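Engineer: Per full-length UniProt numbering, residue 13 is the first one in the sequence shown, and the count goes up by one each step.
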Amino acid sequence: EVLSIETIASWWVDAGYRVVLTGAGMSTESGLPDFRSPKGLWKEKDPRKLASISALFANPGEFYEFYRMRLAGLNKAEPHKGHLVLAQLQKERLLNAIITQNVDGLHQKAGAVRVIELHGNLGEAVCLDCGEKYSSKALEEKDFPTCRACGGKLKPGVVLFGETLPSEALRQADMETRRAKLFVVIGSSLEVSPANYFPLLARDVGARLAFINLEPTDMDDQAHLVIRGKAGEVLEELYAKIKSLSV
Ligand code: NAD
Ligand code: APR
Ligand code: ZN
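(1) Could you give the C-beta distance for Phe-173 and Arg-80, rounded to a whole number, given that I count them as a contact under 8 angstroms?
(2) Kindly indicate which residue of Thr-189, Met-38, Tyr-29 and Phe-223 has the alpha-carbon position closest to the one of Phe-236.
(3) From the DSSP output, in three-state form, read off Pro-72 for me.
(4) In the DSSP output, which residue or residues are listed as bridge partners for Glu-129?
(5) Under three-state DSSP, which class holds Leu-53?
(6) Let me confirm a value: Glu-129 is counted as buried when at least 16 other C-beta atoms fall within 10 Å, else exposed. Which label applies?
(7) To the nearest angstrom, how far is the alpha carbon of Arg-30 from that of Leu-96?
(8) I believe Lys-149 touches Glu-136 by the beta-carbon criterion, under 8 angstroms. Please report the beta-carbon distance rounded to the nearest angstrom.
(9) Just verifying my parser: in three-state terms, what is the DSSP assignment at Val-31?
(10) Alpha carbons only, please: which of His-131, Ile-239 and Thr-158 is nearest the one belonging to Thr-112?
(11) Say yes only if the C-beta of Ile-224 is nearer than 8 angstroms to one or more non-hydrogen atoms of ligand 2, and no if none qualify.
(12) On the CB-based measure, 16 or more other CB atoms within 10 Å of its CB, does Ala-21 come out buried or exposed?
(13) Give me, in chain order, the residues of the same chain whose beta-carbon lies closer than 7 angstroms to that of Gly-164; leave out the 5 immediate sequence neighbours on both sides.
(14) Helix or strand or just coil, what does DSSP make of Arg-160?
(15) Whole angstroms are fine: how far does the CA of Ser-200 sit from the CA of Ala-84?
(16) Assign Asp-233 to one of two classes, buried (16 or more other C-beta atoms within 10 Å of its C-beta) or exposed (fewer than that).
(17) Would the region 24 to 39 count as touching the region 184 to 192 if we require 3 or more Cβ pairs under 8 angstroms?
(18) When you compare only the Cα positions, how much space is there between Val-238 and Ala-109?
(19) According to the neighbour-count rule (16 or more other Cβ atoms, all chains shown, within 10 Å of its Cβ), is Leu-221 buried or exposed?
(20) Return the chain-ordered list of same chain residues with a C-beta closer than 8 angstroms to the C-beta of Glu-248, the five sequence neighbours on each side being excluded.
(21) Is Ala-137 near ligand 3, with its Cβ less than 8 angstroms from a heavy atom?
(22) Got a sec? Which residues, its chain only, sit under 6 angstroms from Ala-99 by beta carbon, not counting five neighbours each side?
(23) Between Glu-41 and Gly-244, how many whole angstroms is the CB-CB distance? I'm expecting something under 8 angstroms.
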């Protein structure tokens, strides 16, 4: 049921604790492709062949090439007005936590705090053997980047297919979701577990659940409110409505 931005703004002002969950759709207006839209990354590439641990061992050349390409895109990306609105709402104590599936660091670049990264961050690299952390620059050093400490293979600091999510991030996301009175999903198809579990948990603990998304998702009927639109534009309008209500 697509309702108006007025409704979500009034819910926002009334809710004592607000949490958002963002997906790749939050960053397409910054020029980063998402996955499952018509032009998404997984439309022309098979993620299992590229973005998995087995891919790193089976075809390291292609694997590292894919991430160098993604890094190049990421280094050029800037936060858009939607990222800035979320950071501003946090500054005004009108937004508590941002749980994100994105690895582009754009929320932090926009000045947001309390950003819980469920899938890691592409700005880091980590040694598969000893866990030593590096900047992702280490991935650009040579063909098959290895750890200076132990010689192990380096991988991007993101959760690959088949990997489990960082337990601390999961714990933080669970805690924030249980506190939420309003839970807003922005720019996610909600096709990936366990990220797509948090909206259901929010509902279960009595929060209002709203989606802001360009396309329908399989979970739309679980939401109390769905706004069909672009994250940047909707968030800008929403911010103006919230400010007009809270004067
Ligand atoms: P990925 O696509 O390999 O998978 C990361 C997550 O998806 C993991 O939690 C994995 O367990 C989970 N997953 C499990 N089953 C899955 C399934 N059936 N379909 C999809 N995912 C499944 O991640 P990647 O390709 O290595 O990309 C790394 C990161 O790049 C991702 O975490 C993604 O968030 C990201 N990305 C970010 C942006 C952005 O930040 N704007 C844009 C595009 C991609
Ligand atoms: N505004 C609002 N919604 C948008 C916008 C936008 N500007 N651009 C795209 N969308 C919507 C798309 O319609 C789509 O439903 O965002 C959603 C993006 O969904 P996905 O591409 O599946 O991205 P995401 O949900 O983050 O994927 C989850 O899958 O491969 C893994 O780890 C990867 O974190 C990623 C996870
Ligand atoms: Zn090492």
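Backbone N, C-alpha and C fix where the C-beta goes; we use that ideal spot for every residue, glycine too.
Every value quoted in this text rests on a predicted model; they were computed, and no experiment measured them.
Structural biologist: With the structure as the only source:
(1) Their Cβ separation, rounded to whole angstroms, is 19 angstroms, which puts Phe-173 and Arg-80 out of contact at 8 angstroms.
(2) For clarity, residue 236 is His in the given sequence; the question names Phe instead. Closest by alpha carbon: Phe-223.
(3) In the structure shown, Pro-72 sits in a helix (DSSP, three-state: H, G or I).
(4) Paired residues: Thr-112.
(5) Three-state DSSP puts Leu-53 in a helix.
(6) Burial state of Glu-129 is buried, judged by a 10 Å Cβ sphere holding 16 or more other Cβ atoms.
(7) Their backbone Cα atoms lie some 16 angstroms apart in a straight line.
(8) 10 angstroms between Cβ atoms; not a contact.
(9) In the three-state DSSP reduction, Val-31 falls in the strand class (E or B).
(10) Ranking the options by Cα distance to Thr-112, first place goes to His-131.
(11) With a threshold of 8 angstroms, the Cβ atom of Ile-224 counts as near ligand 2, since some heavy atom of the ligand is closer than that.
(12) Ala-21 is buried by the Cβ-count criterion.
(13) Closer than 7 angstroms at the Cβ level, and outside the excluded window around Gly-164, lie Cys-139, Leu-140, Asp-141, Cys-142 and Thr-158.
(14) DSSP places Arg-160 in the coil class of the three-state scheme, outside both helix and strand.
(15) Cα-Cα distance, rounded: 23 angstroms.
(16) Asp-233 is exposed by the Cβ-count criterion.
(17) The region 184 to 192 and the region 24 to 39 touch, with three or more beta-carbon pairs separated by less than 8 angstroms.
(18) Taking the CA atoms as reference points, Val-238 sits about 20 angstroms from Ala-109.
(19) The C-beta of Leu-221 has 16 or more other C-beta atoms within 10 Å across all chains shown, which makes the residue buried.
(20) Counting only Cβ-Cβ distances below 8 angstroms, and skipping sequence neighbours, we find Lys-93, Gly-94 and Val-97.
(21) Placement of the Cβ of Ala-137 at a distance of 8 angstroms or more from every heavy atom of ligand 3 is found.
(22) Excluding its 5 nearest sequence neighbours in each direction, Ala-99 has C-beta neighbours in its own chain below 6 angstroms: Ala-122, Gly-123 and Ala-124, listed in chain order.
(23) With 8 angstroms as the limit, Glu-41 and Gly-244 qualify as a contact, their Cβ atoms being about 4 angstroms apart.
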